[in-house]
Every structure is written in C-alpha cells, then in structure tokens.
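FYI, the working numbering numbers position 155 of the sequence shown as 931, with every residue one higher than the one before it.
Some notes on the structure that comes next.
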Amino acid sequence: MAGHSKWANIQHRKGRQDEKRGAAFSKLAKEITVAAKMGGGDPGFNPRLRLAVDKAKGVNMPKDKIDNAIKKGTGELEGVSYEEVRYEGYGIGGSAVMVDCLTDNKTRTVADVRHAFSKYGGNMGTDGCVAFQFKHCGQLLFAPGTSEDALMEAALEAGAEDVVTNDDGSIEVITGPWEFTAVKEALEKAGFIAEFGEVTMKPENVIELAGDEAARMQKLLDALESLDDVQEVYTSAEIAE
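Quick look at the structure:
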C-alpha cells in the first residue's frame, strides 16, 4: 500500500497537462523528430518513436504534423538538429526535480532553467544529484474499485514489473519503459482501461507538500514546463490540491 493521495494527485497533473495541449504539439514534434533520427522512422521498429507518436495521438496532434516531424528526423525534410540534455535540482521542501530538454542552444537552455529554479525558490544542482531518486518506467493508473486480483493476474501475464495498490484504492501497474505500450495494449484486450498512462521518471519516495509550500512548488514546476526547450519535468513532490 502506498500514496494515499495518488489518484487525486495524478488526476490533477493530467488536468494541467490537458490545459497545455497547444504547447504540447511543438514539444511532441521535437521528441518525434529526435526519436526518428536516433532509431529510424518506423514506429514498429523504434520503441521510442512509437511512444512519442502514441502520445501525440493522445492529444489529437494532426497526422500531417506527426508525419512531418518523422520526416525531419529521417532527413526527408529539412529541420533543426536538437540535442538531449537533462538538468537536476531541488524544489521546495527538499523535493527532487529533473528537467529533460531538447535544445539547439545549450547556453540558452541552461540559463533559462537556472533562472526558473532561482526565481521560484529552487536550486539547480549538479549532474546526478537527484537522478538516483527516480526510476525510468511505464506507469498505468487504474481507478479505485478495479479488481486488484484480476488486474494483477492480467498485468503480470502481460509482462508488467509490478502492481501497486495505493491507500486511496487506485492501482498502479509498473512496466519497463519500452514494454509500456505492449502491456497497455494487452491489458486493454483483457478489459482493463487505464485512466492515465505514461512513460516517466517515477520517484522512489515522495515528499508531500501542502498550503504555501505546495503553491510555491507549483509555480516552480509551471515556470520550468513553460520553457520552450523543456520536454518533461519530473519531481518527487506530491502536491496537495
């Protein structure tokens, strides 16, 4: 048992992501381009590209934008060359923060990220200072009331790594990062539809924040997520609504 507010916390985060759907298109296009450049333009043979395309479809990104992003990655269309870079630091209450970026100008990006940290009460750290606190994995969240035994049996048969029942009754299925899509599809065939799913950096331990600390932390996260070069922001903070 773990995470008494897991369901509310993830629903809150999903709602905030949906609000930023427009900005998500350009960030997803970058990820698709980089994935195609690194592993080829066929999602069937490129797990990272398949994840990116699935995510883009999930926010109704137009097919032509997806196709163009792939073609930029494979060189069929001219495009900007992006570099992957990760920054780490600390937020409110000692919470860990990791910021994944795709950039064509590291000098600009590091300055922007450092400014956001310092302006909103965080501290940018050195490489590796908090990465050990996170696990790269797939995460599927099922609503309270889902049959734990049946879901566990189906999940483990599908190749999931773990099944966790939270204090609020919601159930998390944890997968390897590249097995996420296969497990998700297998569970859907078995009749289990996740309310939320993503490949993420899952914190090994969370720091619960409420009141003023929660508000300050949300401002920091919003500032980081609003940066054009930032793709994903991960944190060990669990923010109470």
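Where is the CB? At the ideal position from N, CA and C, for every residue including glycine.
Fair warning: this is a prediction, and the values are worked out from it, not measured in the lab.
With respect to the beta strand (DSSP E) encompassing residue 864, which residues constitute its N-terminal and C-terminal limits?
The sequence position of residue 864 within the sequence shown is 88, counting from 1. Its beta strand (DSSP E) spans residues 859–866.
Quick check on the DSSP output: the alpha helix (DSSP H) that includes residue 823 runs from which residue to which? Looking up residue 823 in the sequence shown gives position 47. Start and end: 823–834.
Self-check item: Rounded distance between the beta-carbons of residue 855 and residue 996, thought under 8 Å
Solution: In the sequence shown, residue 996 corresponds to position 220, counting from 1. In the sequence shown, residue 855 corresponds to position 79, counting from 1. In fact, because the Cβ distance is near 31 Å, the residues do not count as touching under 8 Å.
ask   = In three-state terms, what does DSSP make of residue 914?
value = Numbered from 1 along the sequence shown, position 138 holds the residue referred to as residue 914. In this structure, residue 914 counts as strand in the three-state DSSP scheme.
Taking its Cβ as the centre, do 16 or more other Cβ atoms sit within 10 Å of residue 853, making it buried, or is it exposed?
Here residue 853 refers to the residue found at position 77 when the sequence shown is read from its first residue. It is exposed - the Cβ of residue 853 has fewer than 16 other Cβ atoms within 10 Å.
Q: Report yes or no: do three or more beta-carbon pairs, one from the segment 935–948 and one from the segment 820–836, lie closer than 8 Å?
A: no
- request: Kindly indicate which three-state DSSP category residue 902 falls into: helix, strand or coil?
  value: Counting from 1 along the sequence shown, the entry for residue 902 is found at position 126. Coil at residue 902, not helix or strand.
Considering only residues of the same chain and omitting the five flanking positions on each side of residue 880, which have a CB-CB separation below 8 Å? Numbered from 1 along the sequence shown, position 104 holds the residue referred to as residue 880. Once the five neighbours on either side are set aside, the close Cβ partners of residue 880 are 856, 857, 858 and 859.
field: Stretch-stretch touch, CB-based, cutoff 8 Å, three pairs: the segment 865–876 with the segment 1002–1013
entry: yes
Q. Any idea if residue 823 is buried or exposed, counting beta-carbon neighbours within 10 angstroms, 16 or more meaning buried?
A. One-based indexing of the sequence shown puts residue 823 at position 47. It is buried - the Cβ of residue 823 has at least 16 other Cβ atoms within 10 Å.
Open item on the list: Is any non-hydrogen atom of the ligand ATP found closer than 7 Å to the C-beta of residue 970, if you look at the structure I gave you?
Closed with: No copy of the ligand ATP occurs in the structure displayed, which carries no ligand at all.
Which residues in the same chain as residue 889 place their Cβ atom closer than 6 Å to its Cβ, once the five residues preceding and following it in sequence are excluded? As a working note, residue 889 is residue 113 in the sequence shown. Answer for residue 889: 863 and 875, listed in chain order.
### Task
Rank 801, 914, 932 and 878 by C-alpha distance to the C-alpha of residue 979 and give the top, closest one.
As a position in the sequence shown, residue 979 is number 203, starting the count at 1. If we check each option's Cα against that of residue 979, 914 comes out closest.
*Taking the alpha-carbon positions, what's the residue 981 to residue 965 distance?*
Residue numbering aside, residue 981 sits at position 205 when the sequence shown is read from its first letter. Residue numbering aside, residue 965 sits at position 189 when the sequence shown is read from its first letter. Rounded to whole angstroms, residue 981 to residue 965 spans 32 Å at the Cα level.
- How long is the line joining the alpha carbons of residue 821 and residue 844, rounded to whole angstroms? What you label residue 821 is simply residue 45 of the sequence shown in a count that begins at 1. What you label residue 844 is simply residue 68 of the sequence shown in a count that begins at 1. If I take the Cα positions, the gap works out to 18 Å.
- Secondary structure at residue 837, three-state DSSP: helix, strand or coil? Looking up residue 837 in the sequence shown gives position 61. Here residue 837 sits in coil by DSSP.
Checklist line | Closest Cα partner of residue 840 within the set 1001, 920 and 805 | finding: As a first step, residue 840 must be located in the sequence shown, where it is residue number 64. Residue 805 is the option with its Cα nearest to residue 840.
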